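The structure appears below as structure tokens.
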């Protein structure tokens with residue numbers, strides 16, 4: 545099924561897309577059909593800078609198992625890092641769910 | 004010998020059509036050559052976008068003697084972008100509003116009716132999210148035949164979906180044309196129970212429809228480039244499409 549369940553967060557960082565590095569301003573996370581991965585549905589993450597156009601995107605399509613493992617890896621990496629290196633990022637940024645329109649599939 | 008008895012010559016190209024609100028949007032057309040009279044088909048792409056596989060479907064209709072036109076539903080959000088980037092942009096902006104979808108299909112249908120050789124009949128077909136949109140278009144516009152390929156949220160909104168994700172079964176009384184529904188018995192979105200419910204609603208309204216639910220198939224069984232592809236269901240499904248359009252659009 546096509547879904548519009550999308551979680552978007554503001555982002556600070558950089559990503560490397562087809563045209564090279566660019567500054568990130570947004571990340572979208574959703575579960576839907578992949579474009580490339582050999583699965584019916586994948587957990588997809590788009591690292592974006594919408595102000596630079598649609599091609600300013602780093603996309604990944606992950607199996608659910610991989611996605612969960614990635615979450616654990618990120619958390620464990622942050623937990624293991626010296627506190628003075630991660631304290632600035634300790635406050636979570638505001639997450640929001642997009643105001644979806646009428647869609648379905 | 005070819006599959007249709009025609010030369011199967013066609014022109015396939017990217018054009019600009021007038022869509023909802025008078026907007027100029029990109030579209031992909033495939034139309035037969037050497038055919039004196041033909042029906043038209045508006046192809047509604049799935050949520051992953053205006054992609055190569057849906058262009059291939061569009062050409063398939065031309066090989067079978069129809070002029071087929073697929074509007075790029077994401078053109079406004081991402082003109083000129085790669086289809087996957089455009090789909091991501093459209094998603095991030097909340098997707099395609101129903102009203103705009105209907106306007107874009109209306110513009111595509113008008114374009115098809117105006118082609119030299121057009122017989123004036125226009126159908127619509129959509130896959131996945133496009134299945135729901137095909138039903139929506141057929142309930143909103145005067146068309147001649149509609150095909151819904153496993154569209155979810157026609158009858159019920161899947162659990163966990165946003166509140167704005169609305170079913171369209173309530174529009175059934177406005178269905179303007181015969182409807183062909185092609186579904187998978189193993190699909191959860193929509194379930195066979197939902198499509199049976201839709202059939203009952205249409206029966207009650209006296210709306211002509213023909214539903215087929217294929218055993219051993221789930222969602223997206225028509226997609227040859229995805230693991231969900233089911234060759235038997237897809238082959239039989241295409242046969243049902245040719246019969247249905249042959250009856251309602253050809254000539």
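Protein chains in written order, with our numbering: chain U, 545 to 649; chain X, 4 to 254. By construction, the Cβ of each residue, glycine as well, lies at the ideal position given by its N, Cα and C atoms. As the structure is a prediction and not an experimental result, all values here were calculated from the model.
Where the beta strand (DSSP E) through residue i begins and ends
i                      : result
residue 177 of chain X : Segment: none, residue 177 of chain X is in no beta strand (DSSP E) and carries neither H nor E.
residue 35 of chain X  : 27 to 35
residue 206 of chain X : Careful: residue 206 of chain X lies outside any beta strand (DSSP E), inside the alpha helix (DSSP H) at 195 to 208.
residue 45 of chain X  : 41 to 47
residue 216 of chain X : 212 to 217
Own chain partners of residue i with C-beta closer than 6 Å, once the 5 adjacent residues on each side are dropped
i                      : result
residue 220 of chain X : 187, 233 and 236
residue 64 of chain X  : 44 and 71
residue 178 of chain X : 141, 142 and 210
residue 136 of chain X : 47, 104 and 129
residue 243 of chain X : 215
residue 58 of chain X  : 31
residue 563 of chain U : none
residue 643 of chain U : The pLDDT assigned to residue 643 of chain U is 44, lower than 50, so where the model puts this residue is not dependable; a value taken from the coordinates is nonetheless given after this. Hits under 6 Å: none found.
residue 228 of chain X : 56
residue 151 of chain X : 134, 137, 138 and 184
residue 19 of chain X  : 27
CA-to-CA distance, residue j to residue i, given in whole angstroms
i                      : j                      : result
residue 638 of chain U : residue 551 of chain U : Low confidence applies here, because residue 638 of chain U scores a pLDDT of 48, under 50, leaving its location unreliable; read the following figure in that light. One C-alpha to the other measures close to 11 Å.
residue 95 of chain X  : residue 572 of chain U : 7 Å
residue 614 of chain U : residue 607 of chain U : 10 Å
residue 581 of chain U : residue 208 of chain X : 43 Å
residue 239 of chain X : residue 595 of chain U : 46 Å
residue 584 of chain U : residue 578 of chain U : 7 Å
residue 153 of chain X : residue 553 of chain U : 31 Å
residue 598 of chain U : residue 254 of chain X : 42 Å
residue 175 of chain X : residue 198 of chain X : 13 Å
residue 79 of chain X  : residue 625 of chain U : 44 Å
residue 574 of chain U : residue 128 of chain X : 26 Å
residue 15 of chain X  : residue 23 of chain X  : 23 Å
residue 3 of chain X   : residue 145 of chain X : No statement about residue 3 of chain X is possible, as the shown extent of chain X runs from 4 to 254 and does not include it.
residue 600 of chain U : residue 101 of chain X : 27 Å
residue 200 of chain X : residue 190 of chain X : 15 Å
residue 589 of chain U : residue 161 of chain X : 22 Å
residue 118 of chain X : residue 617 of chain U : 57 Å
residue 557 of chain U : residue 569 of chain U : 8 Å
residue 108 of chain X : residue 602 of chain U : 31 Å
residue 193 of chain X : residue 171 of chain X : 13 Å
residue 87 of chain X  : residue 106 of chain X : 23 Å
Cβ shell of residue i (< 8 Å), same chain only, five flanking positions each side left out
i                      : result
residue 13 of chain X  : 33, 34, 35, 36, 62, 65 and 66
residue 217 of chain X : 185, 186, 187, 188, 224, 233, 235, 236, 239 and 240
residue 82 of chain X  : 29
residue 195 of chain X : 186, 188 and 216
Contacts around residue i, its chain only, beta-carbon distance under 7 Å, and the 5 residues preceding and following it disregarded
i                      : result
residue 75 of chain X  : 28, 29, 30 and 53
residue 231 of chain X : 221, 222, 223 and 224
residue 21 of chain X  : 27 and 110
residue 147 of chain X : 124, 125, 126, 180, 251 and 252
residue 39 of chain X  : 120
residue 122 of chain X : 40, 41, 42 and 254
residue 90 of chain X  : 50, 51, 52 and 77
Integer-rounded CB distance, given that residue j should sit under 8 Å from residue i
i                      : j                      : result
residue 185 of chain X : residue 149 of chain X : Rounded, the Cβ-Cβ distance is 12 Å, inconsistent with contact.
residue 9 of chain X   : residue 68 of chain X  : 6 Å
Opposing strand residues paired with residue i [DSSP bridges]
i                      : result
residue 576 of chain U : U/586
residue 152 of chain X : X/130 and X/185
residue 604 of chain U : U/589
residue 558 of chain U : U/567
residue 23 of chain X  : None; residue 23 of chain X has no bridge partner.
residue 15 of chain X  : X/33
residue 70 of chain X  : X/43
residue 121 of chain X : X/41
Alpha helix (DSSP H) segment containing residue i, residue limits
i                      : result
residue 247 of chain X : 234 to 251
residue 56 of chain X  : 55 to 66
residue 102 of chain X : 101 to 116
residue 2 of chain X   : Here chain X comprises residues numbered 4 to 254, so residue 2 of chain X is not present and cannot be evaluated.
residue 160 of chain X : Careful: residue 160 of chain X lies outside any alpha helix (DSSP H) and carries neither H nor E.
residue 88 of chain X  : 86 to 95
residue 629 of chain U : 627 to 630
Any non-hydrogen atom of the ligand ATP within 7 Å of residue i CB
i                      : result
residue 236 of chain X : Ligands in the displayed structure: none, and consequently the ligand ATP is not present.
Can you give me, in chain order, the residues of the stretch 595 to 608 of chain U that have a beta carbon less than 9 Å from any beta carbon in chain B? As a matter of chain content, chain B is missing from the structure shown, whose protein chains are U and X.
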